[in-house]
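Report on the following structure.
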Amino acid sequence: MPVETTLADSLCAHGISRRGFLKFCTMLASLMALPPSAVPAVAAALEKAKRPSVIWLSFQECTGCTESLTRSAAPTIESLIFNVVSLDYHHTLQAASGEGAEAARHQAMQENWGKYLCVVDGSIPIGNPGYSTIAGVANADMLRETAEGAAAVVAVGSCAAFGGLPYADPNPTGAVPVSELVTDKPIVNVSGCPPIPVVISGVLAHFLIFGGIPELDTLGRPRVFYGQTIHDRCYRRPFYDKGLFARSFDDEGAKRGWCLYTLGCKGPMTYNACATAKWNQGTSFPIEAGHGCIGCSQPNFWDAGGFYQPLSLPTGAVTQTAAYAAAAGAAAGLAAGALYRRHKHARQAVHESVTVDDLEKPDKS
Amino acid sequence: MNSVDFLQWVRGPAFDAAVVIFVLGVIFRLFGILMLGKKPDLAEPRGGEWGPGLRTVLSRSLPDRGTFRREPVTVVAGYVFHIGFFITLFLSAPHIELFHAWFGLRWPALPTPLVDASAVITLLALVFLLAYRLANPVRRFLSGFEDYFVWGVTLLPVLTGYLAYHHLRLPYHALLALHILAVELLLVAFPFTHLMHTFTLFVARWYNGAASGRRGVVS
Ligand code: SF4
Numbered sequence: 181m182p183v184e185t186t187l188a189d190s191l192c193a194h195g196i197s198r199r200g201f202l203k204f205c206t207m208l209a210s211l212m213a214l215p216p217s218a219v220p221a222v223a224a225a226l227e228k229a230k231r232p233s234v235i236w237l238s239f240q241e242c243t244g245c246t247e248s249l250t251r252s253a254a255p256t257i258e259s260l261i262f263n264v265v266s267l268d269y270h271h272t273l274q275a276a277s278g279e280g281a282e283a284a285r286h287q288a289m290q291e292n293w294g295k296y297l298c299v300v301d302g303s304i305p306i307g308n309p310g311y312s313t314i315a316g317v318a319n320a321d322m323l324r325e326t327a328e329g330a331a332a333v334v335a336v337g338s339c340a341a342f343g344g345l346p347y348a349d350p351n352p353t354g355a356v357p358v359s360e361l362v363t364d365k366p367i368v369n370v371s372g373c374p375p376i377p378v379v380i381s382g383v384l385a386h387f388l389i390f391g392g393i394p395e396l397d398t399l400g401r402p403r404v405f406y407g408q409t410i411h412d413r414c415y416r417r418p419f420y421d422k423g424l425f426a427r428s429f430d431d432e433g434a435k436r437g438w439c440l441y442t443l444g445c446k447g448p449m450t451y452n453a454c455a456t457a458k459w460n461q462g463t464s465f466p467i468e469a470g471h472g473c474i475g476c477s478q479p480n481f482w483d484a485g486g487f488y489q490p491l492s493l494p495t496g497a498v499t500q501t502a503a504y505a506a507a508a509g510a511a512a513g514l515a516a517g518a519l520y521r522r523h524k525h526a527r528q529a530v531h532e533s534v535t536v537d538d539l540e541k542p543d544k545s
Numbered sequence: 009m010n011s012v013d014f015l016q017w018v019r020g021p022a023f024d025a026a027v028v029i030f031v032l033g034v035i036f037r038l039f040g041i042l043m044l045g046k047k048p049d050l051a052e053p054r055g056g057e058w059g060p061g062l063r064t065v066l067s068r069s070l071p072d073r074g075t076f077r078r079e080p081v082t083v084v085a086g087y088v089f090h091i092g093f094f095i096t097l098f099l100s101a102p103h104i105e106l107f108h109a110w111f112g113l114r115w116p117a118l119p120t121p122l123v124d125a126s127a128v129i130t131l132l133a134l135v136f137l138l139a140y141r142l143a144n145p146v147r148r149f150l151s152g153f154e155d156y157f158v159w160g161v162t163l164l165p166v167l168t169g170y171l172a173y174h175h176l177r178l179p180y181h182a183l184l185a186l187h188i189l190a191v192e193l194l195l196v197a198f199p200f201t202h203l204m205h206t207f208t209l210f211v212a213r214w215y216n217g218a219a220s221g222r223r224g225v226v227s
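In the order they appear, the protein sequences are chains X and F.
Basically our numbering = 1-based index in the first sequence + 180.
Basically our numbering = 1-based index in the second sequence + 8.
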């Protein structure tokens, strides 16, 4: 494996023009909140960067994250940056399978011990290891083994980062996110279902440029990409601020592009770069296509109430609960009242009437 | 628990619990009061009950001249607070969404800037009333823990709602969670404090008016 090849050589070999490369660097720099003056430095660092070895483990996942990165209408530069890292092991993309593939993983681990990046997509079942195995190796064992020699672990997608769909209630496989099994390595959570391609490659680029992992938020996500909510950068925000909301997906408000909060948009609680980086080569993002944000880069978004339920609404069936509570309250109130009355009547029954004569009689005893 | 989990918790189990305590408590107390009943009045009625009862509900809801002259500040600030609170609660779009989800009823919302202004006025009225209470030794002497507690649980939902709406200080979802939590506190405190007046005051006014009407006197 020609690990010595630099990124610039590879891009060149893939027919990427210098102009295209600089464009990518500019986008990356702006996404990473670096000033425009940093672009040449980013480009220089990227050009000189050695191809890092990447071992990509796919566990309980839907391959959407890999699709996000590789399946664009036209090959994007961010997918190419992936082609030029030394992707030494990737279940879905590699030709080899079974033990042959495992041999490739072991070889890459040995050759790059302590330096390679371990990328994980999918959650790991620990309820019963048999739920997901590769070449007879349980996911949890493979993750522990591979993470041990990694420089860092990148949890790509909400399943790897937070458990995602397999983790959703009732979590039949006992799925856990990477961070529950790997505790002694830096972990970068690149959440999203799937994550934005440029964010995945941005994290890799950061690793190449600065030789380490980016600054993370409390959920382990790179601040540069997950530092703001969708709502903070949403182009529909002026409508939100004016209180103009679409009430259905085809009413006048929806046609005029009003805010989707009342249709269940989770933008206000969702930290991601969709509103700025956008999807499909910068075409648009879900809210621009007329659908509210579902909050896919947040932990437990599957269980965070209905996708079409406004964020401010309680998630439970409150009306029903309240009806039961009202019935119980009424019953308890009636019972307490009846008790009180009984007490009152009992007291009245033993009450002895006293007349003036009684009062005038001398003491009975 | 991070702030997003916290939001899920206050929207989910915590809210359910608060609503159960609120509904159960309020209905329990109302039924308890109504079950006290009324002694049969054997005297011949000198007038109707309903008319005078309803009239008293209305007349006691308006400030009478004597009280106004003695305590203009309490009366005005009290009205401002109550009206502002009701506008903020019932005429803001997100709240109407909530009522719609529960009761299937929807009514037009006020434009957001107006609701916003009413929230600010409500807050100012509350702060002012507290200061006014504290400034006078007699009022201060008459106030106990419950008065300050009720003041606090009433202020918090308005304050956190205002902050959440404007995304001040904390991220929106954290503020939203605090806002919902503040509302839950209010709901839980409701049946056990004199916040209950919301439900009892009209009944009480009607009762007084009806009793006077029956005796043929003006209440
Ligand atoms: S559409 Fe969603 S993210 Fe955009 S302003 Fe409305 S609530 Fe915020």
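Every residue gets a Cβ at the ideal spot worked out from N, C-alpha and C, and that includes glycine.
- Under the Cβ distance rule, F:M43 counts among the residues neighbouring chain X, one pair being separated by less than 7 Å.
- By a beta-carbon distance limit of 8 Å, X:G509 does not contact F:M43. Their separation comes to about 13 Å.
- Between the alpha carbons of X:L514 and F:G40 lies a distance of about 6 Å.
- Three or more Cβ pairs closer than 8 Å define a contact, and the segment 169-185 of chain F meets that threshold against the segment 11-26 of chain F.
- Per DSSP, reduced to three states, the secondary structure at X:V317 is strand.
- Between the C-alpha atoms of X:G447 and X:V370 there is a straight-line separation of about 18 Å.
- DSSP places X:Y488 in no alpha helix (DSSP H); its state is neither H nor E.
- Rounded to whole angstroms, the separation of the alpha carbons of F:E105 and F:L97 is 11 Å.
- Look at the beta carbons and you see the segment 140-159 of chain F not touching the segment 113-129 of chain F: under three pairs across the two are nearer than 8 Å.
- The nearest non-hydrogen atom of the ligand SF4 is 6 Å or more from the C-beta of F:G56.
- Measuring C-alpha to C-alpha distances from X:G337 to each of X:A330, X:F481 and X:G302 identifies X:G302 as the nearest.
- According to the DSSP secondary-structure assignment, X:C242 is paired through a beta bridge with no residue.
- Judged by beta-carbon spacing, X:D268 lies within the 7 Å limit of X:I235, meaning their Cβ atoms are closer than that value.
- Sequence-ordered contacts of the segment 380-409 of chain X with chain F read T398, L399 and T409 [C-beta pairs closer than 8 Å].
- Taking every protein chain shown into account, the CB of X:Q500 has fewer than 16 other CB atoms within 10 angstroms, so this residue is exposed.
- Closest in C-alpha terms to F:V226, from the list F:A172, F:V65 and F:A26, comes F:V65.
- If the five residues before and after F:L167 are omitted, its C-beta is found closer than 7 Å to the C-beta atoms of L131, all from its own chain and listed in chain order.
- Partner residues in the beta bridge of X:L237, as assigned by DSSP, are X:V300.
- X:P490 reaches chain F at P102, E105, L106 and A109, counting residues in chain order whose Cβ is nearer than 9 Å.
- Within its own chain, the residues whose Cβ lies closer than 7 Å to the Cβ of X:I380, once the five positions on either side in sequence are excluded, are L249, V336 and V370, listed in chain order.
- Cβ contact annotation for X:T206 (same chain, cutoff 6 Å, sequence separation greater than five): V219, in chain order.
- Excluding the 5 residues flanking it on each side, X:E227 has same chain C-beta neighbours closer than 7 Å at T186, L187 and A188, in chain order.
- Taking a Cβ-Cβ threshold of 9 Å, the residues of chain F close to X:N480 are V12, D13 and Q16, in chain order.
- Excluding sequence positions up to five before and after F:F210, its CB lies within less than 7 Å of the CB of V65, all in the same chain and listed in chain order.
- In the three-state scheme derived from DSSP, where H, G and I count as helix and E and B as strand, F:N216 is classed as helix.
- Taking a beta-carbon distance threshold of 7 Å, X:P216 does not count as an interface residue toward chain F.
- Less than 7 Å separates the beta-carbon of F:P71 from that of F:V83.
- DSSP places X:C454 within a helical segment (H, G or I) once states are collapsed to three.
- For X:L440, the Cβ falls inside the 6 Å cut-off from some heavy atom of the ligand SF4.
- In this structure the segment 453-460 of chain X does not lie against the segment 190-199 of chain F, because fewer than three pairs of beta carbons, one per stretch, are closer than 8 Å.
- Three or more Cβ pairs closer than 8 Å define a contact, and the segment 23-35 of chain F meets that threshold against the segment 192-205 of chain F.
- Around the beta carbon of X:S266, 16 or more other beta carbons sit within 10 angstroms, so the residue counts as buried.
- For X:L345, the nearest beta carbon of chain F is not closer than 7 Å to its own beta carbon.
- Put simply, the backbone Cα of X:I196 is about 21 Å away from that of X:F387.
- A Cβ-Cβ contact shorter than 7 Å links F:H181 with X:M449.
- X:G433 sits buried, since 16 or more C-beta atoms from the chains shown fall within 10 Å of its C-beta.
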